[in-house]
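Position 92, counted from 1, in the sequence shown is what the numbering used here calls 92; the numbers after and before it change by one each time, with no gaps.
Just so you know, even glycine gets a beta-carbon here, dropped at the ideal spot from N, CA and C.
Here is the structure we will look at, set down as structure tokens.
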Amino acid sequence: MNKNESAAWPNEKVNLEGKLALFSEQWSPRVVGGLNGQLLKLAKLEGEFVWHAHEAEDEFFLVVHGALTIRLRDRDVDLKSGEFFIVPRGVEHCPFAAEECHVLLFEPANTAHTGETNTPRAVPPERQARI
Ligand code: NI
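The structure is reproduced here in structure tokens:
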């Protein structure tokens with residue numbers, strides 16, 4: 001591949017509603033696109049996740065449906081549909097959703113969604129399905 005050739009995918013429009021209709025599992029991100037070594041992922045969240053931090057990656061959360069609170073150690077960030085927040089690298093966070101919410105994530109391809117935290121709920125990046 002020519003080094004100037006883009007590895008971005010997919011080379012077609014993506015409809016978030018259509019992608020969200022393809023899965024129901026919670027806390028299990030699905031990969032819907034990639035560019036510049038980073039991935040776009042959709043996830044369905046409900047309840048509380050685990051406290052974790054990503055030592056080397058900033059993490060972007062855009063709420064597509066519902067409401068999400070990103071708990072930080074010093075404050076809560078309340079997001080509703082159409083709002084996003086970027087968790088800086090190294091900052092501990094714990095996503096919480098009282099009811100199921102749908103989010104778009106944007107992060108480097110090798111980012112573990114539970115960060116440095118070892119938990120059975122972790123889905124390693126290589127097992128996060130492309131849809
Ligand atoms: Ni995180």
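Alpha-carbon to alpha-carbon, residue j and residue i
i	j	result
K19	E12	13 Å
L62	F85	7 Å
V123	F106	16 Å
S24	K44	7 Å
S6	N15	21 Å
H113	K80	21 Å
L39	L72	24 Å
P10	P108	17 Å
D58	E46	22 Å
Residue i, buried or exposed, once every other Cβ within 10 Å from all chains shown has been counted against 16
i	result
T119	exposed
P29	buried
E17	exposed
Best match in the options for proximity to residue i [C-alpha to C-alpha]
i	options	result
E99	I131, H65, G33 and L42	H65
S4	G82, N36 and A21	It should be noted that the sequence gives Asn, not Ser, for residue 4. Closest by alpha carbon: N36.
I131	E17, W27 and V32	V32
G115	R127, R89 and V103	R89
G34	N110, V77 and D74	N110
L22	H102, V77, I70 and F60	H102
Specify whether the segment 50-58 and the segment 92-110 touch according to this definition: at least 3 beta carbon pairs, one from each stretch, less than 8 Å apart.
yes
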